[in-house]
Structures are given as C-alpha cells and as structure tokens.
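A short write-up of the structure that comes next.
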C-alpha cells in the first residue's frame with residue numbers, strides 16, 4: 072500500500088503536568104486546568120478555576136463499537152516528546168500539523184481575566200519552543216478572551232513570537248458579548264493585520280459547573296448527543312463572523328473549524344444565503360457579497376473519519392477542506408492513519424486528493440515545507456494542488 076502523505080488540520084500538544092506550577096505564581100497555578108485520573112484510569116476529573124468536571128476515559132486496547140473493528144490505541148510514543156513525535160508522524164504519513172493544546176482548551180472555562188491572560192502567556196511561551204523544533208509544527212496560540220484588550224495584546228505578542236495561528240473558543244463568554252458584537256472589532260483587526268489564522272476547535276465552549284452551562288444531556292443517548300453538541304459550536308462561530316460583516320471589513324482574514332467535519336459548510340452557506348435573500352428587510356449589516364461567498368473563500372474545515380466530508384469538495388465545490396488526525400488523542404487516527412486515508416481519499420483523482428490531504432492546509436500555512444512525493448501522482452499535480 073503506497074503511503075499517502077497528509078497534513079493535519081487538527082492535532083494536539085500534551086502539556087507537561089508542571090507547566091503552570093513552574094511558570095505562574097502558586098496562587099494562579101492552582102486555578103489553571105489540571106487533570107486528575109482515577110486509580111483505575113476509567114474516569115478523569117478536570118479542575119479549572121474552582122470548578123470540577125468529570126468524564127469517562129476509554130482505556131487503551133479497549134474495543135470500540137466500530138464496523139471496522141478498530142480499538143483504542145496505546146498512547147502514541149511521541150505524545151509528550153517533540154522528537155519522538157516526528158517519528159510517529161513519519162510512520163503514520165502525517166507531514167505538517169496545526170496543533171492545539173489539550174488541557175489548555177479548558178481555559179475557556181476560566182472566569183478571571185488576569186488568570187486567563189497569565190495562563191495563556193504560559194501556554195504560548197512553552198508551545199512556541201515546541202513549534203521552533205520543526206517547521207512541520209504549526210502551533211495555535213491560546214488567546215485570552217475575557218477582555219478585548221487582553222485578546223489583542225496576546226495576538227500581537229503571539230505574532231511576534233512566530234505563531235501563525237490563534238486558537239479561540241467557539242463561544243467567548245457565557246454572559247458577555249458574543250463574536251458577532253462590535254466590541255470584538257479590534258480583535259479581528261489585529262488578527263487580519265498579523266496574518267494569524269483563526270482556529271476554532273470544536274468543543275471549546277466555556278463551561279460553568281454551577282450554572283450547568285456546558286453540561287447538555289444526561290440519560291439515554293447522552294454520550295452521542297453531547298458529542299453532537301460539540302460539533303455545532305464551530306458552525307455557529309463562523310456564521311457569526313460572516314453575518315456580522317467581519318470578512319467584509321477584513322477580506323484577508325481566514326478561519327478553520329477543526330475536527331468538525333465538512334459537509335456542514337455548504338449547508339450553512341445555503342441557509343445563510345436563504346436568510347439573507349428572503350429576510351432582506353431585517354438584515355443588518357448589509358454585506359457586499361452573499362454570505363456563502365465568504366464561507367467558501369474565508370472558512371476552512373478539517374475532518375477526521377467522516378465519509379461524507381469528501382463530498383463537500385467533490386459534489387458541493389467547497390475546496391477549503393482538509394483532513395486532520397487528532398494526534399495524539401485516543402479518538403484520532405494514530406495506528407491506522409494510512410488505512411483511514413486510503414479508505415477516505417485513496418480512490419479520488421490525484422488533484423482532488425492532494426487538495427484535501429495537502430493543498431488546503433498549505434494555503435493557510437504557506438511557510439510550511441512541502442510534503443514528500445507520495446508516489447501516487449506526478450509532482451506537477453502536487454504543485455497545482457497546493
């Protein structure tokens with residue numbers, strides 16, 4: 072089986088257990104996200120800013136309910152090691168990665184502005200050293216969002232450090248201004264000016280244990296329903312940016328929704344256009360173009376196992392679709408990446424396959440060196456796909 076080389080629009084770092092203890096005053100470190108696993112490994116408790124969240128953890132080696140007979144893989148050897156990570160990537164056929172935090176994604180549940188700003192700086196100071204180890208690593212800077220000023224300041228600082236992407240939660244606040252509000256305009260201006268790509272990772276909504284925000288369903292079907300809820304946030308986030316005219320004002324700004332599938336894109340584009348046309352008298356602001364045009368040009372998406380995602384490109388014409396491995400998370404493709412890629416894109420024409428596996432990612436991050444020739448198509452086609 073020929074190796075298909077792919078870039079990943081969704082990967083993760085695993086932060087050191089002592090990251091905040093060694094980089095923040097103890098009073099702040101104690102409130103930053105922390106994971107405590109039960110002795111049997113079956114449950115995990117996330118502690119963050121005085122809140123606790125419990126979740127069940129699949130055990131490595133356990134069989135998944137999956138028609139393909141896949142099982143939960145053992146922990147990737149490179150999960151905590153930037154050198155071994157490249158060994159894993161080479162073996163899996165993954166070239167470059169957009170890399171989000173893991174535990175750091177829980178910073179969206181922090182309620183103290185000073186704590187969030189300090190924690191974001193700590194994560195970013197550590198992650199940039201990770202990124203500098205290899206040009207194949209594209210780490211997303213964690214942006215504090217509890218005040219506009221702190222968000223803008225960290226965007227500019229992150230760009231100065233060498234970041235090419237900025238991670239934002241799909242919803243900024245439970246009880247504050249959402250992304251479509253005018254108060255966030257300085258943030259969009261700073262992102263456009265610095266050229267940082269916005270990364271919206273699914274499941275990054277703020278959680279509030281006391282108010283039960285972020286706790287959606289219990290009882291029959293709860294696990295499936297909760298997972299489905301995580302997929303909607305990214306769609307809402309980019310809809311807010313489009314509808315409020317962010318891309319009218321900043322046409323160079325781009326955003327990617329990671330791990331959220333892809334066929335939602337054309338659907339959302341259609342619904343936005345329908346609303347824009349059929350309810351024109353109520354629309355504000357008026358846009359220079361149809362909403363769908365901004366989605367097709369400024370918004371990107373990464374998918375993992377979704378069999379329907381390829382049709383977003385081949386049948387619906389949305390070219391801004393890339394694949395993502397979710398490395399090293401246990402629900403990702405580690406251990407079966409090549410099998411997954413061949414099943415998803417192995418039968419596509421070379422130009423379309425390369426657009427999905429490499430080209431869309433390369434468009435977002437042109438500084439990344441090109442992937443090796445996979446032997447499945449002439450190099451001119453690879454160049455065209457990028």
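Numbering (this note's numbering), first residue to last: 72 to 457.
We put the CB at the ideal spot given by N, CA and C, even for glycine.
Report the option in 419, 253, 308 and 233 whose CA atom is closest to the CA atom of residue 219. 253
Does the region 146 to 166 touch the region 88 to 97, meaning 3 or more C-beta pairs lie closer than 8 Å? no
Taking DSSP as the reference, what is the three-state secondary structure of residue 365? helix
Could you compute how far the alpha carbon of residue 265 sits from the alpha carbon of residue 316? 19 Å
What residue from 232, 127, 214 and 101 has the CA that sits closest to residue 113's CA? 127
Out of 414, 170, 232 and 165, point me to the one whose CA is closest to residue 445's CA. 165
Given residue 124, which residues of its chain have a CB within under 6 Å of its CB, disregarding the five upstream and five downstream residues? 117
Close beta carbons around residue 76, own chain, < 6 Å, minus the five adjacent residues each side: 164, 166, 442, 443 and 445
Give me the DSSP bridge partner(s) of residue 345. In DSSP, residue 345 forms no bridge with anything.
Measure the alpha-carbon distance for residue 174 versus residue 381 and round it to whole angstroms. 30 Å
Using CA coordinates, which residue listed in 156, 95, 366 and 177 is at the minimum distance from residue 104? 177
Counting pairs of Cβ atoms below 8 Å between the region 335 to 347 and the region 362 to 377, do you hit three or more? yes
Are the beta-carbon atoms belonging to residue 170 and residue 267 less than 7 Å from one another? no
Could you work out which residue in 407, 205, 440 and 221 is closest to residue 395 when comparing CA atoms only? 407
List the DSSP bridge partners of residue 274. For residue 274, which the question treats as bridged, DSSP gives no partner whatsoever.
According to DSSP, residues forming a beta bridge with residue 385: Its beta-bridge partners do not exist; DSSP assigns none.
With a 10 Å radius around its C-beta and 16 neighbouring C-beta atoms as the bar for buried, classify residue 278 as buried or exposed. buried
Helix, strand or coil at residue 175 according to DSSP, with G and I counted as helix: helix
List the whole-angstrom C-beta distance separating residue 388 from residue 397, where the pair is believed to meet the contact cut-off of C-beta under 8 Å. That pair is no contact at about 26 Å.
Using CA atoms only, rank isn't needed, just tell me which of 79, 307 and 202 is closest to residue 160. 79
Once you ignore the five residues that flank residue 182 on each side, which residues in its own chain have a CB closer than 7 Å to its CB? 120
Specify the secondary structure class of residue 152 as computed by DSSP and reduced to three states. coil
Quick check on this structure: which residue in 190, 360, 271 and 300 has the alpha carbon closest to the alpha carbon of residue 314? 360
Nearest-angstrom Cβ-Cβ length linking residue 236 and residue 211, presumed shorter than 8 Å: 4 Å
Of all the options 179, 270 and 74, which has the alpha carbon lying nearest to the alpha carbon of residue 305? 270
Under the three-state DSSP convention, the category residue 161 falls into: helix
Residue nearest to residue 309 in terms of C-alpha spacing, selected from 377, 196, 416 and 363: 363
Length of the line joining the Cα atoms of residue 385 and residue 111: 46 Å
State the Cα-Cα distance for the pair residue 107 and residue 377, rounded to the nearest angstrom. 31 Å
Looking at residue 216: is its Cβ nearer than 7 Å to the Cβ of residue 184? no
Bridge partners - residue 463, DSSP secondary structure assignment: Residue 463 is absent from the structure shown; the chain starts at 72 and stops at 457.
Taking the CB atoms as reference points, tell me whether residue 393 and residue 351 lie closer together than 7 Å. no
Just curious, the alpha helix (DSSP H) that residue 78 is in, first and last residue? Here residue 78 belongs to no alpha helix (DSSP H); instead the beta strand (DSSP E) covers 77 to 83.
For residue 146 and residue 156, I'd like the C-alpha separation in whole angstroms. 12 Å
With distances taken from CA atoms, which of 74, 73, 72 and 82 is nearest residue 400? 82
Can you find the residues in the same chain that come closer than 7 Å, C-beta to C-beta, to residue 354, ignoring five residues on each side of it along the sequence? 347
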